[in-house]
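Visitor: I am attaching a structure below and will ask some questions about it afterwards.
Protein chains: 2
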Amino acid sequence: MAAGGGARAVVPSTPLLKDELDIVIPTIRNLDFLEMWRPFFQPYHLIIVQDGDPSRKIHVPEGFDYELYNRNDINRILGPKASCISFKDSACRCFGYMVSKKKYIYTIDDDCFVAKDPSGKEINALEQHVKNLLCPSTPHFFNTLYDPYREGADFVRGYPFSMREGAPTAVSHGLWLNIPDYDAPTQLVKPLERNTRYVDAVLTIPKGTLFPMCGMNLAFDRELIGPAMYFGLMGDGQPIGRYDDMWAGWCIKVICDHMGWGVKTGLPYIWHSKASNPFVNLKKEYNGIYWQEELIPFFQSAVIPKDCATVQQCYVELSKQVRAKLGKVDPYFTKLADAMVTWIEAWNELNPPSAK
Amino acid sequence: MAAGGGARAVVPSTPLLKDELDIVIPTIRNLDFLEMWRPFFQPYHLIIVQDGDPSRKIHVPEGFDYELYNRNDINRILGPKASCISFKDSACRCFGYMVSKKKYIYTIDDDCFVAKDPSGKEINALEQHVKNLLCPSTPHFFNTLYDPYREGADFVRGYPFSMREGAPTAVSHGLWLNIPDYDAPTQLVKPLERNTRYVDAVLTIPKGTLFPMCGMNLAFDRELIGPAMYFGLMGDGQPIGRYDDMWAGWCIKVICDHMGWGVKTGLPYIWHSKASNPFVNLKKEYNGIYWQEELIPFFQSAVIPKDCATVQQCYVELSKQVRAKLGKVDPYFTKLADAMVTWIEAWNELNPPSAK
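These protein sequence lines map, in sequence, to chains A and B. Numbering-wise (the UniProt record's numbering), the first sequence opens with residue 1 and increments by one. Numbering-wise (the UniProt record's numbering), the second sequence opens with residue 1 and increments by one.
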């Protein structure tokens, strides 16, 4: 019986996965922020999803390997199914997940910069995400010394040995120094609050526990959970915005719990530079703030039937429950349930099973 | 609607609770370790539970306010019910919880010293525990920026507003720098591993999630959860040792979940100086290592009936389930179920409801 985390370590010290990971960036402007990320991102392929006016030309710094999709491209590629991809909201980023052919995705906002650790060293966020994804998770029992697979750590006394192999990690949720990811009311009440605390930990969110997943600094195993990483209907023509990542987070957590996969949160940090306008955010969020009071109990009690063996099956099942139970809350959720099905159809079209 | 953690802050900057907290220390030797804790512990009353030979004289440094109980005292006070208090195992500490008349308990091992934070400042562990206990917990939804009530932190976007008042905190589980709390197999495999990582976080263990509770550096609200903080039958005459705190941790977590109370883990750290002998530990633990594979599923699926409204009722109910389901695993658990009932009887005798 292997007792030590050291004995289990499977992660190379500098995992690159150059040919297995795409970076997805939603944007409406020139991508000058990439200059700061050059040492870390340049080896990777970028998928840029241009939101808003497709005639606008987005500048990408020299030397990056990228493909760019604007609204016209999305409409051309998906045809009528393009209706499931949001417009004028960073939710459009999920189109990038769909067209990628790689095993892993890292997605980042264009107002996120390289953060420094307490020693002053620049943090390679991508490298930490890859470590998180390549290491198992521990969703079935809590380890008080945090990630037991990390060097210098292990499972503590009382942790069942049969659970020490852990579970595959599907999602790695990174955090933010400087501007915290607050909702509009909290932004309004605490306009000057900054996150200055570097918490040196990665932990698995336990099975059965929901969390607020932020899309600003997020990585996932596309082959495992990609089909559930749908960011919903937000922005233009919709009664809600800024809940795209939250919606995806609740869906993927319920499905990861069903499939026996882990979701991690904690390291790595990025430097979030610019708080969005709280007055604009309030307008986008107010329905979400109201509806989430119904959505959380819905997802907390959602059960995926045992015979759902693929993420696609789980997701279509979830869409049925959304229609049946949330349709009463607002007609928007019936439209969203339709879009969830359209998303899966589009996903399967672009990612036929035979291609694997 | 109060949106900010700042608006909710209820914790004075130096909470003392001098007249509301007892420090419980199980020991078999002179308490020289208290010298280092003098600046932090001297204002408090100590309850020393002397394990082993009662004729041995334990030296307590000058100036501390304490009461000391040895085995003869326990036998005299509890009479035949003293059978529920372990002998030759630090599980005997729970006798101190029973004889205390205070609202809060802090318990610490006598090989635990004052740790330093990354800035080199000595950590007042007790002060942090009191902060943890006086602040609400968040067991029903995960906050990615950890304790939302801490200065400089709050609830992140997507956290339901209706849940932001939190839940009463029943338990504060602190961690250890230097010697980590490993089981004997891990100690044997990694004899030189030391915990050097200071994780600057306190978090609530979500509802429905079990954790390995270590009794080395632990505080709790005795008025809330005291009657469930029973450390079981361990050591002399028992087929198991070093699972006293684990047993208590599984029981209190199931009951806190039922009652809607929170359990926190993380800060504060103490400096754990001496690893116990792994060969001796292996002998004490081997049954526990084997049995915990059955115990964890048992506690994960344990449900307390809705009509159990007091901790005493919950605990007696749990003892019935232990008898019915774990009695088959080993006759030891039938004996333990009896002891659980005896413990509650003794607790009620020493803490009659009218005294509150």
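Quick reminder that beta carbons are idealized off the backbone N, C-alpha and C, glycines included.
Mind listing the chain A neighbours of Arg197 of chain B? Cutoff is C-beta to C-beta under 9 Å, in chain order.
Guide: Here residue 197 of chain B corresponds to residue number 197 of the second sequence, with the count starting at 1. Simply Leu145, Tyr146, Arg150, Gly152, Ala153, Asp200, Ala201.
Visitor: Counting C-beta neighbours from all protein chains within 10 Å, is the total for Asn217 of chain B 16 or more, i.e. buried, or is it exposed?
Guide: Position 217 of the second sequence, counted from the start, is the residue given in the question as residue 217 of chain B. Buried.
Visitor: His258 of chain B versus chain A: which residues are under 8 Å apart at the beta carbon?
Guide: Residue numbering aside, residue 258 of chain B sits at position 258 when the second sequence is read from its first letter. Correct list: empty, because the minimum Cβ distance to chain A is about 15 Å.
Visitor: Check whether the Cβ of Gly210 of chain A lies closer than 9 Å to any Cβ atom in chain B.
Guide: Indexing the first sequence from 1 puts residue 210 of chain A at position 210. Per the sequence shown, residue 210 of chain A should be read as Leu rather than Gly. Yes, contact with chain B.
Visitor: Give a yes or no on whether the minimum CB-CB distance between Lys116 of chain A and chain B is below 9 Å.
Guide: Taking the first residue of the first sequence as 1, we reach residue 116 of chain A at position 116. No, Lys116 of chain A does not count as interfacial toward chain B.
Visitor: Ala248 of chain B and Tyr230 of chain B - do their beta-carbons sit closer together than 9 Å?
Guide: By 1-based counting over the second sequence, the position of residue 230 of chain B is 230. By 1-based counting over the second sequence, the position of residue 248 of chain B is 248. Yes; because the gap between Cβ atoms is below 9 Å, this pair is in contact.
Visitor: Please go through the segment 33 to 112 of chain B and give each complete alpha helix (DSSP H) segment of 4 or more residues, from N-terminal end onward.
Guide: 34 to 41, 71 to 78, 94 to 99
Visitor: Kindly identify the DSSP beta-bridge partner or partners of Thr27 of chain B.
Guide: To locate residue 27 of chain B, count along the second sequence from 1; it is residue 27. DSSP links Thr27 of chain B through a beta bridge to B:Gln50.
Visitor: When DSSP labels each residue in this structure, what does Gly288 of chain A get in the three-state scheme?
Guide: Along the first sequence, read from residue 1 onward, the residue named residue 288 of chain A stands at position 288. In the structure shown, Gly288 of chain A sits in a helix (DSSP, three-state: H, G or I).
Visitor: Starting from the beta carbon of Gly226 of chain A, find every residue of chain B whose beta carbon is closer than 8 Å, and list them in chain order.
Guide: In the first sequence, counting from the first residue as 1, residue 226 of chain A sits at position 226. Under the 8 Å cutoff, chain B gives no residues; its nearest Cβ is about 21 Å from Gly226 of chain A.
Visitor: Determine, for Thr186 of chain B, whether the minimum Cβ-Cβ distance to residues of chain A falls below 9 Å.
Guide: Locating residue 186 of chain B in the second sequence gives position 186, counting from the first residue. With respect to chain A, the C-beta atom of Thr186 of chain B has a partner C-beta closer than 9 Å.
Visitor: Does the Cβ-Cβ distance between Thr27 of chain A and Gly174 of chain A come in under 9 Å?
Guide: Your numbering for residue 27 of chain A matches position 27 in the first sequence. Your numbering for residue 174 of chain A matches position 174 in the first sequence. Cβ atoms of Thr27 of chain A and Gly174 of chain A: not closer than 9 Å.
Visitor: For the putative contact between Val24 of chain A and Tyr97 of chain A, defined by C-beta atoms under 8 Å, what is the C-beta separation to the nearest angstrom?
Guide: As a first step, residue 24 of chain A must be located in the first sequence, where it is residue number 24. As a first step, residue 97 of chain A must be located in the first sequence, where it is residue number 97. The Cβ separation is near 6 Å, so the contact holds.
Visitor: Under 9 Å between the Cβ atoms of Val254 of chain A and Ala302 of chain A?
Guide: Position 254 of the first sequence, counting from 1, holds the residue named residue 254 of chain A. Position 302 of the first sequence, counting from 1, holds the residue named residue 302 of chain A. Contact flag set, yes.
Visitor: Helix or strand or just coil, what does DSSP make of Thr196 of chain B?
Guide: One-based indexing of the second sequence puts residue 196 of chain B at position 196. Three-state DSSP puts Thr196 of chain B in coil, outside helix and strand.
Visitor: Beta-carbon of Ser162 of chain B versus every beta-carbon of chain A: anything under 9 Å?
Guide: Within the second sequence, residue 162 of chain B is the residue found at index 162, counting from 1. Yes, Ser162 of chain B lies at the interface with chain A (some Cβ there is under 9 Å from its Cβ).
Visitor: Rounded to whole angstroms, what's the CA-CA distance from Glu67 of chain B to Thr204 of chain A? Just pull it up for me.
Guide: Along the second sequence, one-based indexing puts residue 67 of chain B at 67. Along the first sequence, one-based indexing puts residue 204 of chain A at 204. Cα-Cα distance, rounded: 42 Å.
Visitor: Cα separation between Ser273 of chain B and Arg194 of chain B?
Guide: Counted from its first residue, the second sequence places residue 273 of chain B at position 273. Counted from its first residue, the second sequence places residue 194 of chain B at position 194. In a straight line, the C-alpha of Ser273 of chain B is about 10 Å away from that of Arg194 of chain B.
Visitor: Give the interface partners of Phe182 of chain A over in chain B, defined as CB-CB distance under 7 Å, in chain order.
Guide: For the purposes of this step, residue 182 of chain A is taken as the residue at position 182 of the first sequence. This sequence places Tyr at residue 182 of chain A; Phe is not what is there. The contacting residues are Asp154, Val156, Arg157.
Visitor: With C-beta atoms as the reference, is Ala170 of chain B less than 9 Å away from Trp261 of chain B?
Guide: Locating residue 170 of chain B in the second sequence gives position 170, where the first residue counts as 1. Locating residue 261 of chain B in the second sequence gives position 261, where the first residue counts as 1. Yes, they are a contact pair.
Visitor: Below 8 Å on the Cβ atoms is my guess for Cys84 of chain A versus Val49 of chain A; work out the distance and round it to an integer in Å.
Guide: If you number the first sequence from 1, residue 84 of chain A lands on position 84. If you number the first sequence from 1, residue 49 of chain A lands on position 49. With a Cβ gap of about 14 Å, Cys84 of chain A and Val49 of chain A do not count as contacting.
Visitor: Buried or exposed, going by whether 16 or more other CB atoms sit within 10 Å of the CB of Ala184 of chain A?
Guide: Indexing the first sequence from 1 puts residue 184 of chain A at position 184. So Ala184 of chain A ends up on the buried side.
Visitor: Which chain A residues sit within Cβ distance under 9 Å of Phe231 of chain B?
Guide: If you number the second sequence from 1, residue 231 of chain B lands on position 231. Residues of chain A passing the Cβ test: none, with the nearest at roughly 13 Å.
Visitor: Determine, using beta carbons only, whether Tyr332 of chain A and Glu285 of chain A come nearer to each other than 9 Å.
Guide: Position 332 of the first sequence holds residue 332 of chain A. Position 285 of the first sequence holds residue 285 of chain A. Not in contact: Tyr332 of chain A and Glu285 of chain A (Cβ atoms no closer than 9 Å).
Visitor: Which class does Thr209 of chain B belong to by DSSP, given the choice of helix, strand or coil?
Guide: By one-based count along the second sequence, residue 209 of chain B stands at place 209. Taken through DSSP and simplified to helix, strand or coil, Thr209 of chain B comes out as coil.
Visitor: List, in order along the chain, the chain A residues whose C-beta lies closer than 8 Å to that of Glu293 of chain B?
Guide: Mapped onto the second sequence, residue 293 of chain B falls at position 293. The contacting residues are Pro160, Phe161, Ser162.
Visitor: Taking the alpha helix (DSSP H) that Tyr332 of chain A falls in, what are its first and last residues?
Guide: The residue given as residue 332 of chain A occupies position 332 in the first sequence. Run containing Tyr332 of chain A: 331 to 350, per the alpha helix (DSSP H) assignment.
Visitor: From which residue to which residue does the alpha helix (DSSP H) around Pro185 of chain B run?
Guide: Within the second sequence, the letter at position 185 stands for residue 185 of chain B. 184 to 189 is the span of the alpha helix (DSSP H), which, as asked, contains Pro185 of chain B.
Visitor: Candidates B:Thr144, B:Arg157, B:Trp37, B:Lys207: which alpha carbon is nearest Pro278 of chain A's?
Guide: Numbered from 1 along the first sequence, position 278 holds the residue referred to as residue 278 of chain A. Checking every option, the nearest Cα to that of Pro278 of chain A belongs to B:Arg157.
Visitor: In the DSSP assignment, find the beta strand (DSSP E) that holds Lys264 of chain B and state where it starts and stops.
Guide: What you label residue 264 of chain B is simply residue 264 of the second sequence in a count that begins at 1. Where Lys264 of chain B is concerned, the enclosing beta strand (DSSP E) stretches over 262 to 272.
Visitor: DSSP beta-bridge partners for Thr169 of chain A?
Guide: Position 169 of the first sequence holds residue 169 of chain A. Partner(s): A:Gly262.
Visitor: Can you list, in chain order, the residues of its chain whose CB lies under 7 Å from that of Leu133 of chain A, leaving out five sequence neighbours each side?
Guide: Locating residue 133 of chain A in the first sequence gives position 133, counting from the first residue. Within the same chain, Leu133 of chain A has close Cβ partners Tyr104, Thr169, Ser172, Ala219, Asp221.
Visitor: Closest by CA to Leu31 of chain B, which one among B:Ala324, B:Ile58, B:Leu210, B:Asn72?
Guide: Along the second sequence, one-based indexing puts residue 31 of chain B at 31. Comparing Cα-Cα distances from Leu31 of chain B to each of B:Ala324, B:Ile58, B:Leu210, B:Asn72, the minimum goes to B:Ile58.
Visitor: Taking Pro180 of chain A and Leu267 of chain B to be in contact with their CB atoms under 8 Å, please state how far apart those CB atoms are, rounded to whole angstroms.
Guide: The residue labelled residue 180 of chain A in the question sits at position 180 within the first sequence. The residue labelled residue 267 of chain B in the question sits at position 267 within the second sequence. Actually they are not in contact, since the Cβ atoms of Pro180 of chain A and Leu267 of chain B sit about 20 Å apart, beyond 8 Å.
Visitor: Counting C-beta neighbours from all protein chains within 10 Å, is the total for Asn72 of chain A 16 or more, i.e. buried, or is it exposed?
Guide: The residue you call residue 72 of chain A lines up with position 72 of the first sequence. It counts as exposed.
Visitor: In chain order, which continuous runs of the beta strand (DSSP E) of length 3 or greater are located wholly inside the segment 125 to 178 of chain A?
Guide: Complete beta strand (DSSP E) runs here, min 3: 169 to 178.
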